[in-house]
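Our numbering numbers the first residue of the sequence shown as 198 and each following residue consecutively.
Heads up, the beta-carbon is just placed ideally off N, CA and C, and yes, glycines get one too.
Just so we're clear, the structure is a prediction, and the values are computed from it rather than from any experiment.
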Amino acid sequence: MCQRLTPMRDTVFMSADIACKDQIKCQVCGGPDKVRDACAATPACVAFSYETLTQCGYLKSKAAANNVLLQQRNWVSFAGGSLFPKNGVAAASIMDLCVTLRPLLDRNVQGYDLRCNGKATCEVCGTLDKIKVYCANSANCKGFTWNPSKNCGFLKQETTQGMTNTKGWITYSRA
């Protein structure tokens, strides 16, 4: 069953911030999908507020559901009855939680590649959303590894084995 994030435009959660990386407020920049994925990777996160001008967002705990939203231009707050079905998952797009993938930072999977287009590996380049959708539409895809600096990913038939620490890579694994 799909879950939908509910965007609340021109609003911001004023409290319920989650601390991370020596910050009292966990700020994540780089666009709404990156903020959503950070929220998905943080078990305590159930909502976030995102500033469209700076492309940064702040992760919020479950207490956000009990807090009043403040009217604030250029902000969008995202929440839902059950924002993430299990301990955090990412999705194919900011509004769709049908494709459940968990991001694992600085991790890569050696081997276990899916074949496609007559090649031993299935490399998909473009946006992260494009790669997620491609994996979702591939029957044997259990996840993928992604190199943000190249904007390309490799579809994998297994993501629980062959895992290595690799700086800069992100492995997305089905939750």
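Residues near residue i by beta carbon distance below 6 Å, same chain, minus five either side
i, result
"Lys222", "Asp214, Tyr255"
"Ala241", "Ile215, Ser258"
"Lys327", "none"
Nearest-angstrom Cβ-Cβ length linking residue i and residue j, presumed shorter than 8 Å
i, j, result
"Val273", "Thr239", "Contact flag wrong, Cβ pair sits at about 19 Å."
"Phe275", "Tyr309", "The Cβ separation is near 33 Å, so there is no contact."
"Cys349", "Gly340", "Not quite, the Cβ-Cβ distance comes to about 15 Å (not below 8 Å), so this is no contact."
"Ala235", "Val225", "4 Å"
"Thr356", "Ser335", "The pair is not a contact, with the Cβ atoms about 13 Å apart (cut-off 8 Å)."
"Leu267", "Met211", "5 Å"
N- and C-terminal bounds of the beta strand (DSSP E) containing residue i
i, result
"Pro229", "Careful: Pro229 lies outside any beta strand (DSSP E), inside the alpha helix (DSSP H) at 229-237."
"Val243", "No beta strand (DSSP E) contains Val243, which DSSP labels as neither H nor E."
"Tyr255", "253-257"
"Lys353", "349-353"
Bridge-paired residues (DSSP) for residue i
i, result
"Ile367", "Leu302, Trp343"
"Ser274", "Met205, Ser246"
"Met211", "For Met211, which the question treats as bridged, DSSP gives no partner whatsoever."
Run of the alpha helix (DSSP H) containing residue i, from where it starts to where it stops
i, result
"Leu325", "325-333"
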